[in-house]
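A short worksheet on the structure shown next.
2 protein chains.
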Amino acid sequence: MNIDKQVTCNNCSLDTICLPRGLTKDEVEDIDVVIKRKKTLQRGEYIYREGDELKSLLAIKSGTAKLISNDERGNEHIIDVLLPGELLGFDGLYNNKHTCSVIALETLSLCELPVTDLEGLAKLIPGLMRELFLHAGEKINEDRNKIILKNIPAEERLAYFLLNLSKRYKKRGFSETEFTLTLTRQEIGTHLGIALETVSRLLKKLKDSKIIDVEKRNIRIIDLKALKNIQGS
Amino acid sequence: MNIDKQVTCNNCSLDTICLPRGLTKDEVEDIDVVIKRKKTLQRGEYIYREGDELKSLLAIKSGTAKLISNDERGNEHIIDVLLPGELLGFDGLYNNKHTCSVIALETLSLCELPVTDLEGLAKLIPGLMRELFLHAGEKINEDRNKIILKNIPAEERLAYFLLNLSKRYKKRGFSETEFTLTLTRQEIGTHLGIALETVSRLLKKLKDSKIIDVEKRNIRIIDLKALKNIQGS
DNA sequence: CGTATTATTGACTCCATTCAAAGATAGTGG
DNA sequence: CCACTATCTTTGAATGGAGTCAATAATACG
Chain A
303 MNIDKQVTCN NCSLDTICLP RGLTKDEVED IDVVIKRKKT LQRGEYIYRE
353 GDELKSLLAI KSGTAKLISN DERGNEHIID VLLPGELLGF DGLYNNKHTC
403 SVIALETLSL CELPVTDLEG LAKLIPGLMR ELFLHAGEKI NEDRNKIILK
453 NIPAEERLAY FLLNLSKRYK KRGFSETEFT LTLTRQEIGT HLGIALETVS
503 RLLKKLKDSK IIDVEKRNIR IIDLKALKNI QGS
Chain B
303 MNIDKQVTCN NCSLDTICLP RGLTKDEVED IDVVIKRKKT LQRGEYIYRE
353 GDELKSLLAI KSGTAKLISN DERGNEHIID VLLPGELLGF DGLYNNKHTC
403 SVIALETLSL CELPVTDLEG LAKLIPGLMR ELFLHAGEKI NEDRNKIILK
453 NIPAEERLAY FLLNLSKRYK KRGFSETEFT LTLTRQEIGT HLGIALETVS
503 RLLKKLKDSK IIDVEKRNIR IIDLKALKNI QGS
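Protein chains in written order, with this note's numbering: chain A, 303 to 535; chain B, 303 to 535.
Put into structure tokens, the structure is as follows:
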């Protein structure tokens, strides 16, 4: 399968979401020169680890991953779930050292933008800096939403989580009402700061209310509006 | 008092913390040309508002501020407390529109780096981009710590908050054991995601345990080690 | 000096956790 | 192919941490 070798940002289906989204056609051709396609990873494999040196910013071509951080007591915290077209590695911008780890949640492929010479790159492709700042800013905004999220009740948090996935899948051309959680109940709980048993109970509650249908890790949103009501927006 | 007019990044006491920290002497002279000193604000005044266009990244020269976001229900969430030498405005990097507001917590003065022409600026001062990415990366890391923080019990959260302030004040040359909270109990609670009554009770508990002394908003840490133990690190 | 804001303290309530046990599912090797 | 194990999920019961409500006290402010 050498088809992958021929993939460029110019013909990638994620070009409206990923790094190229704000660049001109010429600029996209410029970054195509420096972007590398990386080999595929399997569930459980690390993309990078806390403490690793930042060598590249990465984009998910296909599959999902979890961004985690371990506290002093060895507890895992899931900061984020990453979908196709999303950039990762920003946690390494400070001191060129990653402060988080990223683990594939399923079979996953990546694209890589080497950033060891950011200044050189800036000279080469001026628009790229603007775009990277945009993505960094987006991450900051998302993280801040997560901080706010932790102040609301568990049920609303879960609704937010499901709606957020729905929205992001939709943006990527997937169904906004049917998708698969690549996280276990435990992982959802860790991500949202609630116990896994509570996740299970709340999912059941949503199912009983006919707002969603949930079968193992497959989610079908039946009543999007009702779910939004629970979320409170 | 025209002394302020003569302040430059080169003679600023915050040069090891603020934007100049990673720049060469020559680069600092370059940014001095574009940096503006802004007039002083009073407690309660807005530095910028949610929805405002991003015109500049700002640095706090003196005083403290709170970075807030309002949810759909009109509840205020305090994302961050900002101390002298800290940069703000990164929430406006995405789409050039601020998603948060910043309000002075006491008399405050600012420095301003106009970023309407980021690409031009990058050409002029290549090191600046690297430095801005560093600061943006730092913000991302700090926000992620806050996300993790919300998963731990209220008492540990409060201990973390006090120790975090202590550490940051120390870095700025202030006492690490004595400082003034510029936040009300309500604001501390909003920031940490706990009720104001709980803040009051927990502060009292720490005082009764002779770990801190608290008188109105003045904090004196008596037993730094014990406080670190509570925090759990 | 009076009013508004902020802080303290107590009593009660409840949401979510923890503990516990059983059930379901997936993966592995004989 | 089935048994065996590990992992994940569901469900119930009891507990507790932190919230809410309420009343009072202290402080700041005009």
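Using N, Cα and C, we set each Cβ at its ideal position, and we do this for glycine too.
Annotated as proximal: isoleucine 449(B) and isoleucine 381(A), with beta-carbon spacing under 9 Å.
Nearest CB-CB separation between leucine 420(B) and chain A: below the 9 Å threshold. Taking C-beta atoms as the reference points, phenylalanine 392(A) and leucine 430(A) fail to come closer than 9 Å. Setting aside the 5 residues that flank it on each side, threonine 401(A) is surrounded in the same chain by Glu352, Ser371, Asp393, Gly394, each with a C-beta closer than 8 Å to its C-beta; the list follows chain order. With contacts defined by Cβ atoms closer than 9 Å, threonine 479(A) and isoleucine 524(A) form a contacting pair.
Contact between the region 494-513 of chain A and the region 317-332 of chain B is absent: fewer than 3 CB-CB pairs across the two stretches fall below 8 Å. Counted as a single uninterrupted DSSP element, the alpha helix (DSSP H) harbouring phenylalanine 463(B) occupies residues 456-473. Considered as a whole, the region 351-421 of chain A harbours 358-364, 367-372, 378-384, 403-406, 410-416 as its complete beta strand (DSSP E) runs of no fewer than 3 residues, in chain order.
Around the C-beta of aspartate 328(A), fewer than 16 other C-beta atoms lie within 10 Å, and the residue is accordingly described as exposed. Against serine 468(B), chain A offers no close residue; the least beta-carbon distance is about 18 Å (beta-carbon pairs closer than 9 Å).
Under a criterion of Cβ atoms nearer than 7 Å, the residues of chain B adjacent to isoleucine 381(A) are, in order, Arg446, Ile449. Looking at the DSSP output, asparagine 520(B) shares a beta bridge with Thr482(B), Glu517(B).
Listed along chain A, no residue sits closer than 7 Å to proline 322(B) by beta-carbon distance, the nearest being about 17 Å off.
Interface criterion not met: the Cβ of alanine 461(B) is under 9 Å from no Cβ in chain A. Per DSSP, the unbroken alpha helix (DSSP H) holding threonine 500(B) starts and ends at 498-510. Under the three-state reduction of DSSP, leucine 436(B) is assigned to helix. Here valine 335(B) is exposed: its Cβ has fewer than 16 other Cβ atoms, across all protein chains shown, within 10 Å.
Taking the beta carbon of asparagine 443(A) as reference, the chain B residues within 8 Å of it are Asp393, Tyr396, Thr401, listed in sequence order.
For leucine 316(B), DSSP records no beta bridge to any residue.
The C-beta distance from leucine 343(B) to isoleucine 362(B) rounds to 10 Å, too long to fall under 8 Å, and the pair is not in contact. For the pair threonine 482(A) and isoleucine 442(A), the CB atoms are not nearer than the 9 Å cut-off. Take leucine 505(B), set aside five residues on each side of it, and the residues of its chain with a beta-carbon closer than 7 Å to its own are Val516, in chain order.
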